[in-house]
Amino acid sequence: MSLGDFLDRHFGASPFVQRNEADRDDAADLHASRELPFGVNAYYNGHTLRTLDSALVQIVRLQGLYAEMLDDTGVDAYKHQRNTALESIADSNVGVYVYEIRRKANRWPAGKYSNWFPNFLNEKLKARFQTRSLYQHEIYIAIVRYRHYSGVVGQLDRVFNAFNPSGANDRLETESRQARDLEEKVNSLMKSLAHYAPRRLGRVETEIGPCCEMARFLRYLLTQEDGPVLADSYTPVLTESTLRDFAELVAHHSDQETDAKRPLLAASIPSELTGPGNRDFRIQVVQPPAVPPGTIAIAIRKPSTLDLTMQYYEESGAFRRVNEPLPDAEDTGRKLAMLYRDGNWPAFLRLVVEAKKNIVVSAPTFAGKTEFINMLLKEISPDERIVTIEDARELRPPQANTVNLLYSRGNQGTANVTPVELMEASLRLSPDRVIPGELRGAEAYVALEMLNSGHGGWMTTLHATSPEHMFERLAQMVMRFGSTLQRAEIIDYARSLIDVVVQMHRYDDGVRGISKVLYVSH
Numbered sequence: 001m002s003l004g005d006f007l008d009r010h011f012g013a014s015p016f017v018q019r020n021e022a023d024r025d026d027a028a029d030l031h032a033s034r035e036l037p038f039g040v041n042a043y044y045n046g047h048t049l050r051t052l053d054s055a056l057v058q059i060v061r062l063q064g065l066y067a068e069m070l071d072d073t074g075v076d077a078y079k080h081q082r083n084t085a086l087e088s089i090a091d092s093n094v095g096v097y098v099y100e101i102r103r104k105a106n107r108w109p110a111g112k113y114s115n116w117f118p119n120f121l122n123e124k125l126k127a128r129f130q131t132r133s134l135y136q137h138e139i140y141i142a143i144v145r146y147r148h149y150s151g152v153v154g155q156l157d158r159v160f161n162a163f164n165p166s167g168a169n170d171r172l173e174t175e176s177r178q179a180r181d182l183e184e185k186v187n188s189l190m191k192s193l194a195h196y197a198p199r200r201l202g203r204v205e206t207e208i209g210p211c212c213e214m215a216r217f218l219r220y221l222l223t224q225e226d227g228p229v230l231a232d233s234y235t236p237v238l239t240e241s242t243l244r245d246f247a248e249l250v251a252h253h254s255d256q257e258t259d260a261k262r263p264l265l266a267a268s269i270p271s272e273l274t275g276p277g278n279r280d281f282r283i284q285v286v287q288p289p290a291v292p293p294g295t296i297a298i299a300i301r302k303p304s305t306l307d308l309t310m311q312y313y314e315e316s317g318a319f320r321r322v323n324e325p326l327p328d329a330e331d332t333g334r335k336l337a338m339l340y341r342d343g344n345w346p347a348f349l350r351l352v353v354e355a356k357k358n359i360v361v362s363a364p365t366f367a368g369k370t371e372f373i374n375m376l377l378k379e380i381s382p383d384e385r386i387v388t389i390e391d392a393r394e395l396r397p398p399q400a401n402t403v404n405l406l407y408s409r410g411n412q413g414t415a416n417v418t419p420v421e422l423m424e425a426s427l428r429l430s431p432d433r434v435i436p437g438e439l440r441g442a443e444a445y446v447a448l449e450m451l452n453s454g455h456g457g458w459m460t461t462l463h464a465t466s467p468e469h470m471f472e473r474l475a476q477m478v479m480r481f482g483s484t485l486q487r488a489e490i491i492d493y494a495r496s497l498i499d500v501v502v503q504m505h506r507y508d509d510g511v512r513g514i515s516k517v518l519y520v521s522h
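Using my numbering, the first residue of the sequence shown is number 1, and each one after it goes up by one.
And the structure:
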């Protein structure tokens with residue numbers, strides 16, 4: 001089977017196909033939505049969109065739980081009920097995509113209650129709001145009813161339609177059947193999620209005329225102007241065996257091999273398979289043993305199809321703040337300096353993590369470096385994509401979007417994969433943060449180069465007895481890599497890239513604590 005046949009068989013049509021036409025109103029929004037897993041082409045009716053590959057899409061917004069009070073157990077129960085409902089409607093021809101929009105709350109809602117007690121609670125919550133970052137969450141569910149079935153049924157359906165003399169009528173009947181099935185699925189889902197007050201998006205009248213809520217939402221997914229979007233999907237098509245087949249076809253198409261001995265694959269999906277006017281899509285595959293057994297990491301990097309002009313940048317205000325200091329960076333720097341001077345170490349470290357500063361935890365053996373890193377990982381936003389690099393699974397990021405890369409120390413394993421190779425591969429997996437478990441050798445040079453390229457929020461550990469000793473050891477590792485820089489130059493280079501060094505110590509009474517915090521720029 002060719003790569004093109006594989007994409008058609010398992011996705012109904014190539015999921016990468018894009019076109020230049022969009023009809024009727026909101027053309028710009030529909031055009032922008034082509035960057036999503038289900039590229040939208042036109043409207044089917046007031047609350048249904050038609051995709052480029054003839055699938056039909058409806059979008060439901062969960063407006064929120066209306067129960068008056070819920071503890072963690074109650075919230076978890078509703079979440080389990082929601083996931084069960086989503087899994088129940090996803091099958092061989094229905095895909096379910098869940099988008100959680102996480103907006104930072106900038107102001108406390110105004111207003112007063114008639115009773116003193118709610119006002120008292122409101123003031124308490126408002127005081128806490130002033131000291132912590134609070135977020136508002138919105139959940140949208142896109143239900144996609146594909147026209148093609150997967151597997152043997154899909155093959156028979158395509159053969160039947162190809163030889164059916166009444167092709168046009170059959171197409172209309174098929175689409176009508178699609179629409180009815182989608183309507184039933186969405187109605188069933190909304191009934192199951194009644195506690196979330198679900199509402200189907202559609203076309204609404206506004207002061208300036210009709211507006212398509214679906215198209216506006218799809219555009220927001222691309223701009224994410226008010227906050228990040230965490231995406232999940234309930235599609236049973238992408239099984240482990242399917243992904244292995246996909247990796248092997250990509251390898252074959254690029255004259256490479258991928259297996260347990262060669263688990264890393266960097267290749268391209270050629271433009272003839274991604275659609276007219278597109279460029280090659282770059283792909284990175286990592287298979288076991290370089291990832292945990294039973295998992296596969298695949299990242300497809302898709303070049304933008306936008307063709308922007310100087311006029312666009314000028315009109316969008318891109319040049320308005322040229323050479324102005326970044327207000328957030330200045331404000332964060334002042335807060336960090338104040339917390340550092342005051343010795344408020346918990347608040348200092350929380351802000352260091354939130355601001356994506358680069359951290360090295362330095363300590364002798366058995367001083368608790370890894371446990372401290374695991375504690376810091378809990379302070380990272382749950383929306384971020386984390387890639388860890390270790391020789392044994394010790395890091396435990398709580399973020400759902402995590403890729404764990406593994407190497408064998410001393411090249412003892414089946415795959416001769418080095419930490420340097422994994423560090424280079426990690427940058428092709430679109431990470432928000434890369435967390436090397438520990439720096440021991442030549443990977444130190446690659447780590448510094450990665451920091452120099454702008455990948456912030458980095459955390460790692462290193463065996464050393466003081467922050468000064470840590471920089472000395474780091475310089476030795478880089479020099480062993482073959483760098484032509486002198487030791488003092490490497491130390492200066494590292495100090496320009498590493499923001500914070502936390503020195504840990506195991507005291508005689510058995511307590512493992514922090515003996516020193518170095519804020520390098522202070």
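Ideal placement from N, C-alpha and C gives every residue a C-beta, glycine not left out.
Which listed residue (the options) has its alpha carbon closest to that of residue i
i	options	result
Ile141	Arg512, Arg177 and Arg82	Arg82
Glu421	Ala290, Ser254 and Ile101	Ala290
Ile435	Met214, Asp245 and Leu377	Leu377
Met470	Ile359, Ala392 and Leu243	Ile359
Val204	Leu439, His47 and Leu264	His47
His137	Arg61, Asp91 and Ala127	Arg61
Ile143	Gly454, Leu56 and Lys126	Leu56
Ser381	Ser192, Arg393, Pro397 and Gly64	Pro397
Asn93	Glu449, Val502, Leu448 and Gln178	Gln178
Thr295	Leu193, Leu249 and Thr402	Thr402
Ile89	Ala392, Ile283 and Leu189	Leu189
Leu52	Arg145, Asp91, Ala363 and Arg282	Arg145
Thr332	Ala355, Glu315 and His195	Ala355
Thr309	Asn187, Pro303 and Ala318	Ala318
Ile389	Glu443, Arg128, Ile139 and Asp509	Glu443
Tyr44	Glu183, Lys126 and Leu264	Glu183
Coarse secondary structure for residue i, derived from DSSP in three states
i	result
Asp307	coil
Phe372	helix
Ala266	strand
Ala367	coil
Gln287	coil
Phe481	coil
Tyr43	strand
Ala299	strand
Tyr519	strand
Glu394	coil
Leu156	Only weak support is given to the placement of Leu156: the predicted model assigns it a pLDDT of 41, under 50, and the question is left unresolved by the model.
Alpha-carbon to alpha-carbon, residue j and residue i
i	j	result
Arg385	Ala464	29 Å
Met375	Ile514	13 Å
Thr365	Arg321	48 Å
Gly437	Leu405	10 Å
Ala28	Thr239	A caution first: Ala28 carries a pLDDT of 46, below 50, which makes its placement in the model unreliable, though a value can still be read off. About 34 Å.
Ser521	Tyr445	21 Å
Ser426	Asn122	45 Å
Gly343	Gln486	35 Å
Val96	Met214	15 Å
Ala329	Val478	30 Å
Ala417	Arg216	Ala is not the amino acid found at residue 417; the sequence shown has Val there. Roughly 45 Å separates the two Cα atoms.
Ala197	Asp76	17 Å
Leu306	His455	25 Å
Leu451	Leu497	6 Å
Leu221	Asp383	14 Å
Val357	Pro327	Looking at the sequence provided, one finds Lys at residue 357 rather than Val. In a straight line, the C-alpha of Lys357 is about 16 Å away from that of Pro327.
Val500	Leu336	11 Å
Ile139	Lys79	12 Å
Sheet register partners of residue i (DSSP bridge)
i	result
Asn83	BP columns for Asn83 are empty, so no partner.
Ile143	Gln58 and Val96
Asp529	Nothing in the structure corresponds to residue 529, since the chain is present only between 1 and 522.
Gly513	His505
Ser362	Leu462 and Gln503
Ile435	Thr388
Arg200	Val60
Phe281	Ile269
Span of the beta strand (DSSP E) around residue i
i	result
Ala337	Ala337 -> not in any beta strand (DSSP E); alpha helix (DSSP H) instead, spanning Pro327 to Asp342.
Leu49	Thr48 to Thr51
Residue range of the unbroken alpha helix (DSSP H) whose run includes residue i
i	result
Val403	Taken as a continuous stretch (DSSP letters only), Val403 belongs to no alpha helix (DSSP H), being part of the beta strand (DSSP E) at Thr402 to Leu406.
Leu193	Note, Leu193: premise wrong, no alpha helix (DSSP H); not H, not E.
Ala488	Arg487 to Leu497
Asn452	Glu443 to Asn452
Glu421	Pro419 to Ser426
Asp252	The sequence as given places His at residue 252; Asp does not occur at that position. Start and end: Glu240 to His253.
Phe564	Residue numbering for the chain in the displayed model covers 1 to 522; residue 564 lies beyond these limits and cannot be assessed.
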